[in-house]
Amino acid sequence: MQIGICGLGTVGSGVFNLISENGQEIKRRIGREVTIAQVGCRRDHPDCDLSVTNVTRDIFDVVKNPDVDVVLELIGGADDALKLVMEAISNKKHVVTANKALIAEHGDEIFSVASKNGVQVRFEAAIAGGIPIVKAVREGLSANKIDWIAGIINGTSNYILTEMSKPSSDLAFVDVLKDAQKLGYAEADPTFDVEGIDAAHKLTILSSIAFGVPLRFDAIYTEGISGITAEDIGYARELGYTIRHLGITRNLKDSVELRVHPCLVANDHMLAQVNGVMNAVMVGSDAAGATMYYGAGAGSGPTASAVMGDVIDIVRTDGVHSIANLGFMPESLEAKRVMEIHEVVGGAYLRIVVSDKPGVMANISTILSHHEISIEALIQKDARGGDAHVVIITNTVLEKSLNEAMQELAGLEETRGDVASIRVAEFS
Ligand code: HSE
């Protein structure tokens, strides 16, 4: 089996170098060498010695090359990647990709064509970089009924929130994003990270491989971290919480929850301890219970490790298709309604800016009690110009009721502007 690498950016260069550094260790494991038949890249990478490699500037040469058995799609993006993968499959080549958008948005079509052509499509590197989460869910936990997954699956957002959370930090969101870009964590278009789209792609795939439901990127609720302020982080800390961007999916009787958004996570929960660019995924399942997987979710080495794990699986099995792409037999996938976000139930953090007058607190609690929302914790802080910040953690509430209460709170004569809210994470 020979591979063809398409794309020599952060991931492609990592794979190229991993093969030369660990080739012998890999051979000890699988009894043969993994060799590169061709590399397709628009430009060389300074860290890769391509002198003895067959290099082409046209990535489509790689999928036409008869010596290539496994195509590594590491160019990212949408249109070209889809075209490349489809051509590789119709030329009967196995595909390994790190492209989460490709799988989340076109996976059904890709898997169906791959199965007709008798080739494998593997995507471990698409989710959580170096953490073998696809393998854990699709293989390690395959005897379980999986109930829920909750994870930090965008390293850039986690890095930004971590930096903003440092007690000494007075950095604003934009400054920290610039740092994340310099460090090479952010997507080419950083709105994919900070607006939650990257996490939404990954959670879409995780939900399907966990519950055996079709890929529903079209229905996922997506909210990023761009609205989180240093003030919210400080208040949350005072109340015993850390703000993290989570992907949460739950398998319910007739529907699935599928949502990515910022959350308050209790400080003593393991996910609150996940800092910087690191990712962590918790999986709740019936036999194994809750298990957690932690590691680098991005970067050259971790992502190359995931790509090569897939390549090695294909070589080990001589390309014989042994695992359904989404971990469930295609005819057994069960289409379920994706819950609307207003149907979700949980606690919430509210921040209300009010003019500091007698009776304001009574008005707030009257509105909340009309909607049967009880208060778990409350703090009040003086703000500029005689205003006050009232910060509340509610008990469990239906999001629809919470939204109605928030509108009424915003309509109070004493309230300044909209009411800010962040969901409180629950893990069960
Ligand atoms: N931009 C992604 C992240 C890279 O920050 O997690 C890995 O998919």
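The numbering of the sequence shown is my numbering, which starts it at 50 and goes up by one. Each residue gets a CB set at the ideal place from its N, CA and C atoms; glycine is no exception. All values derive from a computational prediction rather than experimental measurement.
- Query: For M50, which beta-bridge partners are listed by DSSP?
  - Reply: Partner residues in a beta bridge of M50, as assigned by DSSP, do not exist.
- Kindly confirm or deny that the stretch 256–266 and the stretch 378–390 touch, where touching means at least three C-beta pairs closer than 8 angstroms. Yes, since at least three Cβ pairs between the stretch 256–266 and the stretch 378–390 fall closer than 8 angstroms, the two stretches touch.
- A339 - DSSP class collapsed to helix/strand/coil: The answer is strand: DSSP assigns A339 an E or B state.
- Can you have a look at H419 and say buried or exposed, based on whether 16 or more other CB atoms are within 10 angstroms of its CB? It counts as exposed.
- Query: Can F160 be considered in contact with the ligand FAD, in the sense that its beta carbon sits closer than 6 angstroms to one or more heavy atoms?
  - Reply: Inclusion of the ligand FAD in the displayed structure is not the case, the ligand content consisting of the ligand HSE alone.
- Message: Which residue wins for smallest C-alpha separation from T205, given the options T59, L232 and A199?
- Response: Out of T59, L232 and A199, L232 has the C-alpha closest to the C-alpha of T205.
- Would L226 be called buried (16 or more neighbouring beta carbons within 10 Å of its own) or exposed? Taking every protein chain shown into account, the CB of L226 has 16 or more other CB atoms within 10 angstroms, so this residue is buried.
- Member of Y290, I68 and H143 whose CA lies at the smallest distance from the CA of N114: Of Y290, I68 and H143, the residue nearest in Cα terms is H143.
- Roughly how many angstroms lie between the CA atoms of Y234 and V326, to the nearest whole one? Approximately 8 angstroms, taken between the alpha carbons.
- Message: Is any non-hydrogen atom of the ligand HSE found closer than 6 angstroms to the C-beta of G58, if you look at the structure I gave you?
- Response: G58: no, Cβ never under 6 angstroms from the ligand HSE.
- Task: Kindly indicate which residue of T366, A163, S257 and H310 has the alpha-carbon position closest to the one of I176.
- Result: Measuring from the Cα of I176, the nearest candidate turns out to be S257.
- Message: Just to confirm, is the Cβ distance from G395 to R308 under 7 angstroms?
- Response: No, Cβ-Cβ distance for G395 and R308 is not below 7 angstroms.
- Helix, strand or coil at E306 [DSSP, three-state]: E306 falls in the strand class under three-state DSSP.
- Give the range of the beta strand (DSSP E) segment to which N328 is assigned. Membership of N328 in the beta strand (DSSP E) is indicated by the continuous run M327 to S334.
- Item | Helix, strand or coil at Y290 according to DSSP, with G and I counted as helix | Here Y290 sits in strand by DSSP.
- Task: Provide the residue(s) that pair with V439 in DSSP beta bridges, ordered along the chain.
- Result: By DSSP's assignment, V439 forms a beta bridge with I401 and Q429.
- So what does DSSP say about A192, is it helix, strand or coil? A192 sits in coil when the DSSP states are folded into three classes, being neither helix nor strand.
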